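The opening position of the sequence shown corresponds to residue 3 in this note's numbering, with each subsequent residue numbered one higher. Here is the structure we will look at.
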Amino acid sequence: MKTFGGSVLFLDRADINTDEIIPAKYLTENSKTALKPYLLEDLDLKGFDPRRDLLGKRVIVARENFGCGSSREHAAWALEVNGIRLVVAPSFARIFRQNMFNCGLLAIELPTGTVDHLFGAYADLSPTIEIDLDRSLMTVDATAVSESVPFTISDFDRALVTAGGWLGYADAKY
């Protein structure tokens with residue numbers, strides 16, 4: 003099973019779509035690795051530079067409706083190949099969210115107030131987030147502040163993530 007957590011990138015915008023996660027012009031690439039340099043290159047967010055801001059990040063915390071737009075699996079692949087295995091937001095586009103789980107990645111939905119709190123308390127502190135999938139607990143840790151936040155995940159999605167994605171799940175079950 004993959005591990006989930008690490009340094010956090012806060013993206014303070016709602017409705018980040020799949021064209022911004024991985025632009026459509028790269029969908030002809032035939033490997034996940036080929037997508038790596040293009041993650042979030044078209045994201046319209048003041049002051050954001052993907053070449054600078056993505057370095058070392060393993061978690062994204064964003065606003066609602068993350069992954070809206072087209073149903074491309076490439077968006078989850080681009081995150082994965084860049085080492086981002088966890089996205090936290092109040093809501094996700096349904097197909098994007100399922101693509102995350104199908105790839106063995108985590109899309110954790112938290113109430114808007116909780117995400118607002120994470121932005122207010124941690125966005126300027128360079129925190130890390132670690133996941134305890136067995137206990138459904140997310141721990142946010144900054145130098146002077148730390149807290150645990152419970153989350154929910156369906157049994158099926160947990161099984162997908164634990165198996166490393168849909169292919170691992172199907173191999174084990176069928």
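Just so you know, even glycine gets a beta-carbon here, dropped at the ideal spot from N, CA and C. Here the structure is a predicted model, which means the values were calculated and not measured.
- Under DSSP, THR130 shares a beta bridge with SER9 and ASP143.
- Relative to GLY49, the option among SER33, ASP14 and GLU66 whose CA is nearest is ASP14.
- The alpha carbon of ASN101 has as its nearest neighbour, out of ILE86, ILE62 and ALA78, the alpha carbon of ALA78.
- In the same chain as PRO52, and ignoring 5 residues on each side of it, the C-beta atoms closer than 8 Å to its own belong to LEU41, LEU42, GLU43 and LEU45, in chain order.
- As the crow flies, the alpha-carbon of GLY58 is around 9 Å from that of VAL10.
- Of all alpha-carbon atoms in THR130, GLY7, GLY69 and THR114, the one lying nearest the alpha-carbon of ASP21 is that of GLY69.
- Between the C-alpha atoms of ARG137 and THR130 there is a straight-line separation of about 18 Å.
- With a threshold of 16 other beta carbon atoms within 10 Å, VAL90 meets it and is buried.
- Rounded to the nearest angstrom, the Cβ distance from VAL83 to LEU135 is 21 Å, too far for a contact under 8 Å.
- ARG54 has its alpha-carbon roughly 14 Å from the corresponding atom of ARG60.
- Cβ neighbours of LYS4 within its own chain (closer than 7 Å, five residues either side excluded): ARG87, GLY106 and GLY166.
- A buried status is given to SER93, since no fewer than 16 other beta-carbon atoms sit within 10 Å of its beta-carbon.
- Out of VAL163, VAL151 and GLY85, the CA that lies nearest to the CA of LYS34 is found in GLY85.
- The C-beta distance from ASN67 to ASP118 rounds to 15 Å, too long to meet the 8 Å contact threshold.
- Excluding the 5 residues flanking it on each side, THR114 has same chain C-beta neighbours closer than 6 Å at PRO92, in chain order.
- Per the DSSP secondary-structure output, ASN19 pairs in a beta bridge with CYS70.
- Within the DSSP secondary-structure output, VAL83 pairs in no beta bridge.
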